[in-house]
Amino acid sequence: MALEGEAAGIAAIGAGLAVGLTGIGAGMGEKDVGAAAVGAMTEDRSIFGTAMIFMVIPETIVIFGLVIAIIILFAL
Amino acid sequence: MSLPESMSRVVVVGTKTRLEEAIEAFYSVKVLHVIDHTAGADGMSIGTPLHTNLKASERLLKVRAMEKELGIGKNTETEKVSATEIRSQISAGGVESIEAEVLKVLDVKNDLNRRITELNAKKKSLELLTALPVDLELYSGYKSLAVIAGTVESDPSDALRALADSESFVSFKKKKGGVAAVFVRAEDREKAASILSEHGFAEIAVPEGKGSVPDALAEADKGLADLSAKLGSVEKEVEALQIKHKTFLRASDEELSIEIEKGEVPLRIATGGHSYIMDAWVPTKKAQAVMAELESRLGNDVHIEVEETRGRNLHEEEEAEERFKKVPTKNNNGLIAKEYEHATSLVAVPKYQEIDPSVLIMFFLPLFFGFMIGDCGYAIPFIILGAYGLKVTHHKDWRAIATVLFFGGIWSFVFGFFFFGEALGMHFVGEWAPPLHMTWEGLLGMQMPDWFTGLLVNGHGVSKLEGDDVVMLLKLAVYIGIIHIMIGYVCGFLNIRRQHNNKHAFFEKGGWIIEFIGMVVFCYAMTQVLFSKAPMEGIVLYLLLVGLAMLVIGLAVNFKTEGAKAVIELPGVIGMILSYARLAAIGMSKAGMAMAFNYIVFIMFMGITKDVGGDIIWPGPIMLILTLLFLAFLHLVVWTLGILSGGLHALRLQFVELMTKFFVGGGTKYEPLKVKRIKTFLTKTEADKEV
């Protein structure tokens, strides 16, 4: 990490927040989609693929958080 | 790129007298996908099932009923039987004679079961009545007296005293509840019942009989034991019947099902007074062979013509008659890509006119999986498990998983060895400096030879957990993503071009391609300015402008086709590209976990330290074995998580990022007339008849 002292600590907290908060966000999103997807799948097994596509859409948010965290930790 | 196989539509016309023989011939060529006839067309009507079907379905019903009663199911192990033999057994009345035999035993069994149930009910009533000092014969046989007996929830003794000319017996325990029997004048019955009902009364049927209740109870117990013994021996008989007849029942089930399926073919084709007409799709390359085969079998009694060979352009579909519009999709893949068809079908069956994504999945799914795992130590069990799975399983779900594990394992080994240079989360080469630098060289106290280090990237492999390497991995993941998405767009362009024309393809997919490239170039220039602190001049500036220009052009094209939606979807392009960061992220999380586990075992448990000479001090043998077992368990956790996260994320990148760019789906599956025999087989002469 190129940052020193207090700045480094604050940057680390920032990175943690970026991953943690996006994780919570993605979790909240997937909770609803997942419950509905499982419900729909019990009716019709063949929609697994479509259900999974919807299921993983909110997941991308946490990847954004991770990218930000990595940029903070390693690239700044 | 692989398109589904080209199909031709044929029409088969023949004389009705030889329909039965014709159906056998249709099944034997194994490629005819029948187009269901809709009533009313051509003045022909839908046919009726073959006359043999009635008897066959009756027999099948009997066979299924017996299978259910005898507990014979799909997974019951039975021998294979020759189809000819089973056919002759069935026509000789095999099903009926076995049914008589089975029914005889089952009747006895059911009768015993019924009697046991009755006796159990009687026993239950008797058990309740034992609490009262009244003999059984006293409960019945009166003219002017009414007897009410049953259970109560609270003690009714006091309330019952109010009844004139009555005798009541109550046995009550606070926790268990109680039993009451009341003898009253027949006209007071209602009164007594209403008193009792306030105490949670539930009437019981008093069994008929004589003598004291405990005696009757003992007799009932004896009877039950008797019946149970009889039931046991009957059940043994049933078991014997199951063993004796299971092979016949499974085989005749299959044979009769096949016969019925064949007999129902006339329901799907058109028949008139003396002839039948069947429309069907066949793969173009087999059309001539099928025609020749059917003609050689049925001679002058059949006429076959190829009506059309369907192209991929959608206007051909639009011009076709309603029931000929949709062409069934027969995947056209090689040996390996075939295993990935199941993955595609999880989303949808490809349309006849579009590229089958299975080939792309075959290449990218294991590649991504391997990149995310990227560790020799985990790769080898993956390869072994995958190879074993491919050898033993036939179920398509398991085969798909085994295929991914096998090829993913190979990629994982390639990446793990040459690119990352690590096994079980530890690099091969480097100094021992925990926690970040734990290496095999350091652990084993040896020096890897030069030729070995020469094989690795940078001479020691890429670290998943350290500064510059992580940034490099992230960039690499994004570049892989750009290529992957680009392939998706190009496939989309090719699809539309094939289905319509170049102009259509340009407006539907070309705009996206331009916009995507523009976005990539623009973002590249921006990162140069923001992160690498490059001055905004020269090449960077030009790239920025070119990117922006392409972005605007692409957006304009898309706006024309899709309207405001195109603008809304613009940020999604960045999202899509960044989504590939998971390729690096999952690898990092695996490496992080492995490092933590290695640290726990080697440093915290084994207490590995180095003496002055730099040699490692190992713990005693027992401690060593225990800790190594613990280490194996911990790595098993990482490995299992690897299957889940690596597999699912790799699949997701195919389904969401790649396939949404070109894949529409919604095709009909190609289901030709053919039978699958599992419990029966054809003799050689019969099989020779089928081409």
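These protein sequence lines map, in sequence, to chains A and B. According to our numbering, numbering within the first sequence proceeds without interruption in unit steps and concludes at 67. According to our numbering, numbering within the second sequence proceeds without interruption in unit steps and concludes at 783. Using N, Cα and C, we set each Cβ at its ideal position, and we do this for glycine too. It should be emphasised that the depicted structure is a prediction, and the values quoted were computed from it without experimental measurement.
Quick check on residue i: buried or exposed, where buried means 16 or more other Cβ atoms within 10 Å of its Cβ?
i: B/Thr421; result: buried
i: B/Met518; result: buried
i: B/Ser137; result: exposed
i: B/Ile575; result: exposed
i: B/His337; result: buried
i: B/Ser263; result: buried
i: B/Trp39; result: As shown, chain B starts at 93 and ends at 783. That puts residue 39 of chain B outside it, with no answer to give.
i: B/Tyr234; result: exposed
i: B/Thr732; result: exposed
i: B/Asp371; result: buried
i: B/Thr531; result: buried
i: B/Leu716; result: exposed
i: B/Pro627; result: exposed
i: A/Leu64; result: buried
i: B/Phe725; result: exposed
i: B/His143; result: exposed
Starting from the Cα of residue i, find the closest Cα among the options and give me that residue.
i: B/Ala515; options: B/Glu399, B/Lys625, B/Asn690; result: B/Asn690
i: B/Phe463; options: B/Gly513, B/Gly355, B/Val612, B/Gly481; result: B/Gly513
i: B/His596; options: B/Thr130, B/Val649, B/Arg402; result: B/Val649
i: B/Arg491; options: B/Gly517, B/Val262, B/Ala435, B/Pro527; result: B/Ala435
i: B/Pro442; options: B/Ser137, B/Val419, B/Pro458; result: B/Val419
i: B/Tyr866; options: B/His552, B/His125, B/Ile493, B/Glu763; result: No answer is possible for residue 866 of chain B: it lies beyond the span of chain B, which begins at 93 and ends at 783.
i: B/Ala429; options: B/Leu640, B/Met454, B/Ser437; result: B/Met454
i: B/Ser183; options: B/Asn145, B/Leu195, B/Lys172, B/Leu162; result: B/Asn145
i: B/Leu536; options: B/Gln380, B/Ala686, B/Glu408, B/Ile700; result: B/Ile700
i: B/Pro141; options: B/Ser344, B/Ser304, B/Ile352; result: B/Ile352
i: B/Glu431; options: B/Phe498, B/Val659, B/Leu255, B/Ile692; result: B/Phe498
i: B/Glu279; options: B/Leu565, B/Ser236, B/Thr619; result: B/Ser236
i: B/Leu218; options: B/Val644, B/Ala273, B/Leu198; result: B/Ala273
i: B/Met505; options: B/Pro306, B/Phe460, B/His529; result: The sequence given here places Phe at residue 505 of chain B; Met does not occur at that position. Comparing Cα positions, the closest option is B/Phe460.
i: B/Ile678; options: B/His727, B/Tyr368, B/Leu557, B/Glu400; result: B/Leu557
i: B/Leu643; options: B/Pro663, B/Ala626, B/Gly630; result: B/Pro663
i: B/Gly553; options: B/Gly466, B/Lys625, B/Met538; result: B/Gly466
i: B/Pro225; options: B/Glu259, B/Arg207, B/Lys201; result: B/Glu259
i: B/Gly106; options: B/Lys302, B/Cys615, B/Val121, B/Ile396; result: B/Ile396
i: B/Lys216; options: B/Lys267, B/Val200, B/Val271; result: B/Val271
i: B/Gly355; options: B/Glu116, B/Val748, B/Leu153; result: B/Glu116
i: B/Val103; options: B/Gly522, B/Gly630, B/Glu400, B/Tyr444; result: B/Glu400
i: B/Phe754; options: B/Arg110, B/Ala254, B/Gly584; result: B/Gly584
For residue i versus residue j, is the C-beta distance shorter than 8 Å?
i: B/Ile572; j: B/Met668; result: no
i: B/Val439; j: B/Gly757; result: yes
i: B/Gly508; j: B/Thr495; result: no
i: A/Met46; j: A/Val10; result: no
i: B/Pro375; j: B/Val123; result: yes
i: A/Val58; j: B/Leu670; result: yes
i: B/Lys601; j: B/Thr170; result: no
i: B/Ser94; j: B/Ile447; result: yes
i: B/Ala569; j: B/Tyr672; result: yes
i: B/Val394; j: B/Glu387; result: yes
i: B/Trp503; j: B/Pro458; result: yes
i: B/Ala379; j: B/Ser100; result: yes
i: B/Pro306; j: B/Thr222; result: yes
i: B/Met751; j: B/Val665; result: no
i: B/Leu640; j: B/Phe614; result: yes
i: B/Val632; j: B/Leu647; result: no
i: B/Gln591; j: B/Asn405; result: yes
i: B/Gly303; j: B/Leu230; result: no
Assuming residue i and residue j make a contact with CB atoms under 8 Å, what is their CB distance in whole Å?
i: B/Trp604; j: B/Tyr581; result: 6 Å
i: B/Ala362; j: B/His129; result: 4 Å
i: B/Lys682; j: B/Gly739; result: 13 Å between Cβ atoms; not a contact.
i: B/Leu323; j: B/Leu195; result: That belief does not hold up - the Cβ atoms of B/Leu323 and B/Leu195 are roughly 17 Å apart, past 8 Å.
Could you check if residue i belongs to the surroundings of the ligand HEM, using beta carbon to heavy atom distance under 7 Å?
i: B/Lys556; result: Summarising the ligand content, the structure contains no ligands, and the ligand HEM is consequently not present.
**OP:** Determine, using beta-carbon pairs with one atom in the region 761 to 775 of chain B and one in the region 471 to 490 of chain B, whether at least three such pairs fall under 8 Å.
**Re:** Contact fails: fewer than three Cβ-Cβ distances are below 8 Å.
**Item:** Inter-stretch contact at 8 Å, needing at least 3 Cβ pairs: the region 540 to 555 of chain B / the region 643 to 659 of chain B
**Value:** Cβ pair count under 8 Å is below three, so no.
Note to self: I want to know whether the region 172 to 191 of chain B touches the region 345 to 361 of chain B - three or more CB-CB distances under 8 Å.
What the structure shows: They touch, by the three-pair rule.
Exercise. Is the region 204 to 211 of chain B close to the region 245 to 256 of chain B, with three or more CB pairs under 8 Å?
Worked result: Contact between the region 204 to 211 of chain B and the region 245 to 256 of chain B is absent, because fewer than three Cβ pairs lie under 8 Å.
Q) Is the region 286 to 300 of chain B touching the region 157 to 177 of chain B in the sense that three or more CB pairs, one from each, lie closer than 8 Å? A) With the cut-off at 8 Å, the region 157 to 177 of chain B and the region 286 to 300 of chain B do not touch.
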